[in-house]
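S.K.: My questions will all concern the structure given below.
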Amino acid sequence: MDNATNSYAPAGDASNALVEKSFLDGYALGAVSYGILVILTWQTLYSFLSLPRTRMPWGLVLCACGIFTLATIGFGSATKINEEAFIDDRAAPGGPSGFEVSSFASGVNMMGVIAYVVLSWLADGLVLWRFWLIWGSNYTYAVFPALMLLGSIVSSLALIVASFQLADSFWAARSVQFGTAYWSLSIALNVLLTLLITGRILLIRRRIKRSLGPRGQPVIRLAPRQLPIQCPTPSRR
């Protein structure tokens, strides 16, 4: 091993260094995601606010603002925790990784956790609403996804409560069980609804293509771009 490249490496277990690297890498990925959200929020609000006031989908405007606000709170919380772990309190027992574990139930960190959890409720609910619209506003189709969303909300609430109450917070076995259930349901719900929405759009496209024939090609190409605009305003049907 080349001492010239490792002379400043801190003493300690290499596994701790790997955990600390994963914390920083995760924060970097979160920063990229937050940057993408900033752009998407701007584009969304610009598109909505360009519409006439009588056609303004105020519910979606509030939802977009709410998601952005919660993401900002969560990202700010993660930034503060990383500052404390790697700068202000880097001499804490166990180093930065030990501080990350011991400070999980702190007010700053839990504020971010709660913000991200509520954000996931809004995002999952928005996807479910889109699914309900695209599938003909049929409540029967939405029952199972709605139950998945309800299970995700309940398990996430249990995760938050357990993180406040247990001695080792998020890293306790009970918290891990609640967290696994929460993220599994949320991810499965998003994958399921995305596939169903995509399948429905492709099915409609196929039917239009079959009905109109070659002369319907301009309509077929335009329909997917018009669908996001039409869906937020079902009252105009």
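So the sequence shown is numbered by our numbering: it starts at 195 and just counts up by one.
We treat Cβ as the ideally placed atom computed from N, Cα and C, and that holds for glycine.
Please read these numbers as outputs of a predicted model, since none were measured by experiment.
1) Determine the DSSP secondary structure at F298, reduced to helix, strand or coil.
2) On the premise that F325 lies in contact with I391, defined as a C-beta separation below 8 Å, what is that separation, rounded to the nearest angstrom?
3) For the 8 Å Cβ check, are there 3 or more pairs between the region 306-317 and the region 342-360?
4) I want to know whether the region 258-276 touches the region 216-232 - three or more CB-CB distances under 8 Å.
5) Is DSSP giving E330 helix, strand or coil here?
6) Taking 7 Å as the limit between beta carbons, can you name the residues of its chain near I261, skipping five residues before and five after?
7) So, at 7 Å on beta carbons, what are the nonlocal neighbours of Y376 in its own chain, with the 5 sequence-adjacent residues on each side left out?
8) Spatial neighbours of A211 within its chain, please: CB distance less than 6 Å, with the 5 preceding and 5 following residues excluded, ordered by chain position.
9) How would you call S241, buried or exposed, if buried means at least 16 neighbouring beta carbons within 10 angstroms?
10) So the candidates are V355, R401, W329 and L322; which of them puts its Cα closest to the Cα of Q371?
11) Which residue marks the beginning of the alpha helix (DSSP H) containing F262, and which one marks its end?
12) Can you tell me whether DSSP reads G288 as helix, strand or coil?
13) Tell me whether L218 sits in a helix, a strand or coil according to DSSP, three-state version.
14) Could you check the C-alpha separation between K215 and L245 for me, to the nearest Å?
15) Pick out whichever of L223, L322 and G253 has its Cα sitting closest to the Cα of L387.
16) Should G289 be labelled buried (16 or more other beta-carbon atoms within 10 Å of its own) or exposed?
17) If you reduce the DSSP assignment to three classes, tell me which class D283 lands in.
18) Indicate the three-state DSSP secondary structure (helix, strand or coil) for G339 in the structure shown.
19) Just to confirm, are Y228 and F280 a CB contact at a threshold of 8 Å?
20) Looking at the structure shown, is L245 part of a helix, part of a strand, or coil, going by DSSP?
21) Determine the burial state of G393: buried for a count of at least 16 other Cβ atoms within 10 Å of its Cβ, exposed for fewer.
22) Hey, out of V213, L256, L383 and I398, whose CA is closest to F293's CA?
23) Closest to L359 by C-alpha separation, out of S300, V337 and R399, would be which residue?
M.R.: Taking the coordinates as given:
1) coil
2) 6 Å
3) yes
4) yes
5) Just to set this straight, residue 330 is Gly in the shown sequence, not Glu. Correct three-state label for G330: coil.
6) L313, L316 and A317
7) S346, S349, S350 and L353
8) Closer than 6 Å at Cβ, skipping near neighbours: no residue.
9) exposed
10) V355
11) Judged by DSSP secondary structure, F262 falls within the alpha helix (DSSP H) whose first and last residues are W252 to E277.
12) coil
13) helix
14) 46 Å
15) L322
16) buried
17) coil
18) The amino acid occupying residue 339 in the given sequence is Pro; Gly does not appear at that position. Correct three-state label for P339: helix.
19) no
20) coil
21) exposed
22) V213
23) With the sequence shown as reference, residue 359 is identified as Gln, and Leu is not the correct amino acid for it. Q359 has its Cα closest to that of S300, out of S300, V337 and R399.
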